[in-house]
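Notes follow once the structure below has been shown.
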Amino acid sequence: MAVGPVEYLVVVFPGSTLTGPMASALADAVASEAVRVLDLSFVHRAEGGTLALKELRDVDPDGLVSFEPVAGEVAGLSAVKDIDSLGRSVPPGNSAALIVREDLWAVPLTRAAQEAGGQLVAHERLPAEGAADGGDDVITLLERLAELRKQDVLTDAEFAAQKTRILAD
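Heads up: the sequence shown is residues 1465 to 1633, going by the numbering used here.
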């Protein structure tokens, strides 16, 4: 199976459940056709410091995020899922979501390279231009993106893909 570039994000959030905009944004990302969520894991650090793995149903009791894990093993995924390294960034009373995602647009390119005897050998995420010098914040970028969709410069699918990318950065 050809797999596009795979990335992971760790997002810390207060409390032990996904609520409001965070749950909606995660649901949108999972439903997106621009990326495929390969794995979704959660941990919670109790006030006493104890770290525990949580199931999606525990952190999303309202069932907003519809996620089915991808069948089969993805190379390197087990190295990302180390609970201790994931939990280091979680303050007491907070939780973290580990989201492993694949860039679907790159799957046909990866497949073509494999069929020609090649392979995907590197994938790096570069910081967005201006990020180091306090460039545009997420709200400004989303507003610009919405304006481009309103002007019919972007299709709904392109808008959704770019929105997912911005929220993931």
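All C-beta atoms in this analysis are idealised placements derived from N, C-alpha and C, irrespective of residue type, glycine included.
Collapsing the DSSP output to three states places Phe1531 in coil. Between Ala1498 and Leu1568, the CB-CB gap stays under 8 Å. According to the DSSP assignment, Val1571 belongs to the alpha helix (DSSP H) that extends over Val1571 to Glu1579.
As computed with DSSP, Arg1509 is found in a beta bridge with Leu1515.
Assigned with DSSP and collapsed to three states, Pro1556 falls in coil, not helix or strand.
The three-state reading of DSSP puts Leu1584 in coil, since its state is none of H, G, I, E or B. Cβ contact annotation for Asp1620 (same chain, cutoff 8 Å, sequence separation greater than five): Arg1613, in chain order. Contact between His1508 and Ala1516 holds: CB atoms are separated by about 6 Å, below the 8 Å threshold. The C-alpha of Pro1572 is placed about 36 Å away from the C-alpha of Pro1525. In the displayed model, Leu1631 falls within a helix according to three-state DSSP. Per the DSSP secondary-structure output, Glu1566 pairs in a beta bridge with Val1470 and Arg1500. Secondary structure at Pro1478: strand, using DSSP grouped into helix, strand and coil. The beta carbon of Val1470 is closer than 6 Å to those of Glu1566 in its chain, skipping five residues each way along the sequence.
Across the structure, Pro1533 and Gly1527 are spaced so that their CA atoms are roughly 15 Å apart. No Cβ-Cβ contact shorter than 8 Å links Leu1562 with Val1529. Here the alpha carbons of Arg1575 and Ala1510 stand approximately 44 Å from one another. Residue pairing by DSSP puts Ala1561 in a beta bridge opposite Val1475 and Phe1506.
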